[in-house]
Amino acid sequence: MHQIVEIAKNYYKLQSDEKDFHRNIYIRKFPIKNQGLGILLNRFKRKQSINMIMDPGTKLDLPRLEDSLNELIGGIKNLDLIFVSHQDPDVSSNVLPLLMRAKNSILIGSIDSWRLIKMYGVSKGRFKAAESFVASYFEIPGSDSKIYFLPARYCHFRGAMMVYDPETRVLFTGDFMAGLNTMSKRSIYADEEAWPGIALFHQIYMPSSKAIQRTIELIRMLTPKVEIIAPQHGYIIKGELVDEFLERLYHLKVGMDIEDVDNVYTSRLVLALSNFLGKVKVFNIIAHTKLIKIMKESQSANFTQPIVFMGEEISKINVGYEQAVEYVVSIIRKHFKKEEEEMLLLLNDALVELSLPVPQFMAKTIAEIGKKEFIGEE
Ligand SMILES: [Fe+2]
Ligand SMILES: [Fe+2]
């Protein structure tokens, strides 16, 4: 069975086992209050709740998903709404088996997603386009609840969709706000350490910063304000980190923007980082060996590394300039407490020697180290 966590009242998260790039599947139960009439309610009659699943995962998830749904809603057959944020296989490959077993269920997604999802052999009568709901909301039959469908245009697919549930204030975001995080911690909630994984995911998968900004603007307009962000990969984001991470993401360069603007810097950074490794080797050969080992191992071979090695040499940088520098700095800070100041100075030198800008987060520390040394010399 998946690990089941109730993230808000009647809102559950199921998580696949993989430590890297695991999938989050969400179930929302809307308890039925009045068994009144209504066209849709006929479809759902004699039910305790209307049950919605969001991004139902892959075939690998199906056996355990079945156990989890038995526990939560009495089985797959009791699913009513199957929502897909887009049509990637990690999201949609269970759509057909679920529709076949939950005979009264309907599939909801964007028209753009449908154009591809119908190729699983789903009949048109089982599909309802998210765009077809008047004012983009759907009143859950027999309850006072409603849900809103929100486009996350080009994040990362043209027709990507999110679902806002104003009652629980949970925004299900699909791949948007997802992270390439290693879920080694016990908590399913993001903390500061989740940010590099979120930034990396967006730099790799999102096509442009403008697409991200438009989606964030839409999220900021929602009332009541979003309290919990529930993405398809990585950690759940809640509390102050919702605004904080949205703001950081708003200013992050991703996709084509990195390729356009950062190309010159990142190719020179390959050389600067190689020079930096050379300097570390002279400074402390043990630290050098340890640093290369950590840089090569810190990401799973399953997905793109921020900095790619060929043997002991850096061959390529896959993320933005600042992101790559930040990645190296975070490794130094985490693993080289004793040598931290010296190594940051060496990195600073390597950047300056090739006329590369020293990012602000680093410049401040360098200035502080410089001040300390100056006072020490007096
Ligand atoms: Fe995707
Ligand atoms: Fe995904």
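Just so we're aligned: the sequence shown equals residues 2 to 379 in the working numbering.
Don't be surprised by glycine CBs; every beta carbon is placed ideally from N, CA and C.
Computed from a prediction, not measured in an experiment: that's the story for all the values here.
Going along the chain, which residues put their C-beta within less than 5 Å of some heavy atom in ligand 1?
Asp89, Asp176
With C-beta atoms as the reference, is Gln233 less than 8 Å away from Ala179?
yes
Can you name the residues that DSSP bridges to Met53?
Arg29, Leu82
Give me the Cα-Cα distance between Thr220 and Ile74, rounded to the nearest whole angstrom.
The question names Thr, yet the displayed sequence has Ile at residue 220. Roughly 30 Å separates the two Cα atoms.
According to DSSP, residues forming a beta bridge with Glu140
Lys147
Three Cβ pairs or more, each shorter than 8 Å: is that satisfied between the region 76-89 and the region 169-176?
yes
Same chain, Cβ closer than 7 Å to Ile77, neighbours up to 5 away in sequence not counted
Glu67, Leu70, Leu99, Arg102, Ala103
May I ask you to check if the CB of Gln233 is nearer than 7 Å to at least one heavy atom of ligand 2?
yes
Given this structure, state the Cα-to-Cα distance separating Gly39 from Pro142, to the nearest angstrom.
Because Gly39 carries a pLDDT of 48, less than 50, the predicted location of this residue cannot be relied on, and the following value inherits that uncertainty. Cα to Cα, Gly39 sits roughly 7 Å from Pro142.
Within the present structure, is the beta-carbon of Phe164 separated from the nearest heavy atom of ligand 2 by less than 7 Å?
For clarity, residue 164 is Val in the given sequence; the question names Phe instead. Checking the Cβ of Val164 against ligand 2 gives no.
Counted within 10 angstroms of its Cβ, other Cβ atoms place Lys30 as buried (16 or more) or exposed:
buried
Could you check what DSSP says for Gly371 in three-state terms: helix, strand or coil?
helix
Own chain, CB closer than 6 Å to Lys60, minus 5 neighbours either side, in chain order
Ser94
Along the chain, where does the alpha helix (DSSP H) containing Glu298 start, and where does it finish?
286-298
Do Phe128 and ligand 3 come close, with the Cβ less than 7 Å from some heavy atom?
Among the ligands present in this structure, namely ligand 1 and ligand 2, ligand 3 is not found.
Counting along the chain, where does the alpha helix (DSSP H) carrying Tyr206 start and finish?
196-206
Length-filtered (3 minimum) beta strand (DSSP E) runs lying within the region 218-265:
229-232
Candidates Ser275, Met55, Glu343, Ser17, of which the one nearest Val164 by Cα
Met55
For Ala9 and Val171, believed in contact at Cβ under 8 Å, the rounded distance
5 Å
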